[in-house]
Amino acid sequence: DPRSRAAAARELAAAIADAGVPTLLVTHDFAEAAQLGDRVAVIDAGRVVQEGTAEELAAAPAAAFVADFSGAVVLHGHARTGDDGLTFVALDGGGEATSTARATGPVSVSVFPWEIELAPPGSAREGSSRNHVAARVTTVTVLGSRVRVGLASPQPLVAELSAPSARALALAPGVEVVASWKAAATRVVPR
Numbered sequence: 005d006p007r008s009r010a011a012a013a014r015e016l017a018a019a020i021a022d023a024g025v026p027t028l029l030v031t032h033d034f035a036e037a038a039q040l041g042d043r044v045a046v047i048d049a050g051r052v053v054q055e056g057t058a059e060e061l062a063a064a065p066a067a068a069f070v071a072d073f074s075g076a077v078v079l080h081g082h083a084r085t086g087d088d089g090l091t092f093v094a095l096d097g098g099g100e101a102t103s104t105a106r107a108t109g110p111v112s113v114s115v116f117p118w119e120i121e122l123a124p125p126g127s128a129r130e131g132s133s134r135n136h137v138a139a140r141v142t143t144v145t146v147l148g149s150r151v152r153v154g155l156a157s158p159q160p161l162v163a164e165l166s167a168p169s170a171r172a173l174a175l176a177p178g179v180e181v182v183a184s185w186k187a188a189a190t191r192v193v194p195r
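So the working numbering is basically just the index in the sequence shown, starting at one, shifted up by 4.
Here you go:
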């Protein structure tokens, strides 16, 4: 159960710190790796894809696999650079994502669920978010004061927002929304 797992992880972290020796820990859970490791090495198909602190891996994933492992939403498309210094990614299945990172060719983009905002369709697109994707709510999962919202769009999305925000938007399966996020939050990795 989650409570026992969290308590065991805290005890293991204390034991590792007390031992004062290098420790190799294998896990399939990024939060656990972040809690227990000073350094994280992500292995895919038998090779190290990226190594660094958990913060470094989440902020600048070297591959879509790393972004997905860190909990980000991963979308695929084809990038081109614009004259204004932004990168525009034509998303597979439709839509476009904008990023401040430079890239061209086949790419994956990632954004964390808590970086995605939801609004009703047709609401004014004021503010600094450059990315707007029409979506339909598929799932609503309440996690205490947070709500994870599964979204159907050309590529699936997940947003995480506060419970009061979810209530104000009357989110439920079937509700149409617009998912938005900033270009600066859009990480681009080669595919």
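Where is the CB? At the ideal position from N, CA and C, for every residue including glycine.
Using the beta-carbon count (16 or more within 10 Å), is residue 49 buried or exposed? exposed
Bridge partners of residue 94, per DSSP? 82, 100
The region 111 to 126 in contact with the region 65 to 84 per 3-pair CB rule at 8 Å: yes
Exposed unless 16 or more other CB atoms sit within 10 angstroms - verdict on residue 86: exposed
With a cut-off of 8 Å, do at least 3 Cβ pairs link the region 169 to 183 to the region 140 to 150? yes
Run through DSSP, which three-state label would residue 36 get? helix
Please determine, among 126, 150, 137, the residue with the shortest C-alpha to C-alpha distance to residue 118. 150
Using the C-alpha atoms, what's the distance from residue 96 back to residue 186? 19 Å
Please go through the same chain and pick out, in chain order, the residues whose beta-carbon is closer than 6 Å to the beta-carbon of residue 78, but skip the five residues on each side of it. 68, 71, 72, 112, 114
Look up residue 143 in the DSSP assignment and give the residues it is bridged to. 154
Please check the pair residue 169 and residue 138, which I expect to be a contact at CB under 8 Å, by giving their CB distance rounded to whole angstroms. 19 Å between Cβ atoms; not a contact.
Candidates 148, 121, 27: closest to residue 183 by CA position: 121
Residue interval of the alpha helix (DSSP H) (run including residue 168): 167 to 172
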